[in-house]
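Heads up, the thing below is written out as structure tokens.
Numbering (the working numbering), first residue to last: 96 to 263.
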């Protein structure tokens, strides 16, 4: 498995990965999350064009997982990380996150951030094992407050959520 920048040809596959990665949410009573549409090609392409989209690929160069991020208040904010279930539990998500951390360090960013569900085992508890800590709502930066407000607006707060940070 190696990590490389996403290409335009990868983008429909990234949508497929996101759909497949959403399916396990059905097992924890979150069918609405499983039914969410993947990011539009245009959005994925914008991340790709900015050099903010990476894929983990197999030996045939087929994407198994992807990560996109953006600058938010001096951090690399992970907007999405998805691993196809057929490639889950192999450390691929961790490697993508470590790749994002290494890239962030080289550009002078001081941390990784993300938002996630607190009670889903492969969300907040997983990220805590990777060195992220929960950020109390009252200490959120302006950019993270804006992201959390948008999440609430689109209904993601029907389930407990949090913002998290991993210092670099």
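Where is the CB? At the ideal position from N, CA and C, for every residue including glycine.
What you are looking at is a predicted structure, and each value in this text was computed from that prediction instead of being measured.
The C-alpha of residue 262 lies about 8 Å from the C-alpha of residue 227. By the criterion of a C-beta distance shorter than 8 Å, residue 204 is surrounded in its chain by 166, 169, 170, 171, 263, once the five residues flanking it on both sides are discounted.
For the pair residue 133 and residue 234, the Cα-to-Cα distance works out to about 30 Å. Burial state of residue 249 is exposed, judged by a 10 Å Cβ sphere holding fewer than 16 other Cβ atoms. Of the residues assessed, residue 259 falls on the buried side of the cut-off, its CB having 16 or more other CB atoms within 10 angstroms.
Measuring C-alpha to C-alpha distances from residue 197 to each of 131, 256, 112, 149 identifies 149 as the nearest.
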